[in-house]
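Position one of the sequence shown corresponds to residue 141 (my numbering), numbered consecutively onward. Virtual Cβ for every residue (Gly too), placed ideally from N, Cα, C. Heads up, the thing below is written out as structure tokens.
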Amino acid sequence: CIVIFLVTYVFAIVGLATLCVELQAQRATHHDASEVAVLDELLNLMGGLDRLMATLVQVLLGDSFHSFTREAQRFVWWAWLYFYAYISIAVVVLMNLVTAIIVENAMETSKADHDHVATEKEAKRKREIGMLRKLFASLDTDGGGTLSWAEFKDSFDDPDMKRHWMVLDFQEQDCEELFRLLDDGDGEITTEEFMEALFRMSGAAQSKDVFKLQKALEKVQASLDAMVARQHMQQQ
């Protein structure tokens with residue numbers, strides 16, 4: 141609005157110094173009563189800063205301006221150029237303003253959506269971590285901070301714990317394989333191993349498949365490293 145006001149103000153100043161001066165000169169030289177009446181009407185519409193600004197706004201809005209613009213052109217041939225230039229510049233400015241407002245609103249909406257999604261993801265992550273911590277505490281019957289094979293296996297035999305495993309999409313037949321995946325080879329599962337593995341496997345089925353493949357590759361790599369180390373020791 142301020143930009144449109146400034147454009148209108150500038151054009152009104154230019155119009156007073158050019159178009160209105162020419163119309164006043166025409167008014168002084170005409171003696172025909174009908175022509176003088178038309179010029180008086182034009183000067184009444186454009187003979188002051190406030191009146192010319194109001195007239196320009198009327199032109200911009202397309203509010204029945206053709207009659208007086210044609211009359212002005214009859215006395216000042218280039219009057220149409222003045223109004224045409226104002227409409228062109230004002231419309232371009234107005235379109236840019238509207239576009240800027242639309243883009244700004246779209247960006248704010250997008251940012252709000254992004255923030256909402258990020259907040260939802262963070263809240264979901266916290267809920268999942270909390271659930272896994274509670275599950276680990278329930279499995280750790282001796283309170284030692286690690287899970288043995290016996291504790292892990294017993295959880296699949298317990299009806300209540302079995303429901304927790306089903307929520308994580310694990311069945312009773314997955315017990316032994318899952319323990320091998322979670323265990324790093326020392327026969328026990330630590331809190332960190334439990335949390336990291338189950339959190340990475342939560343979600344779509346392919347997440348578990350990728351994790352299984354990764355753990356299998358890690359074990360193969362560990363076996364190869366051990367084999368190379370033994371050969372190196374034998375050579376020495």
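Test item: CB-CB of residue i and residue j under 8 Å
i	j	result
T107	F223	No answer is possible for residue 107: the residues shown for the chain start at 141 and end at 376.
L156	L192	yes
C315	F296	yes
L287	E328	yes
L272	E291	no
F205	Q213	no
V216	V147	no
L183	E211	no
Residue i versus residue j - alpha carbon distance
i	j	result
K264	A258	10 Å
Y226	T249	34 Å
L338	N236	52 Å
I153	K261	58 Å
A168	E162	10 Å
L230	I269	For clarity, residue 230 is Ala in the given sequence; the question names Leu instead. If I take the Cα positions, the gap works out to 58 Å.
Q311	R370	39 Å
M301	M367	39 Å
E336	V243	42 Å
T330	A246	47 Å
R320	W289	9 Å
D365	E332	24 Å
Q164	I142	30 Å
Three-way DSSP call (helix, strand, coil) for residue i in this model
i	result
T281	coil
T249	helix
T158	coil
Contacting residues, own chain, Cβ-Cβ under 6 Å from residue i (five flanking each side not counted)
i	result
W305	none
Q186	The sequence given here has Met at residue 186, not Gln. Here the set comprises C160, L192, T195.
T281	E291
Contacts around residue i, its chain only, beta-carbon distance under 7 Å, and the 5 residues preceding and following it disregarded
i	result
F151	L196, Y226
L318	F310
K293	C315
Beta-carbon contacts of residue i that lie in its chain and below 8 Å, excluding the five residues immediately before and after
i	result
Q166	L179, F215, V216
A362	G325
Exercise. Hey, which unbroken runs of the beta strand (DSSP E) at 3 residues or more fall wholly within the stretch 254-321?
Worked result: 286-288
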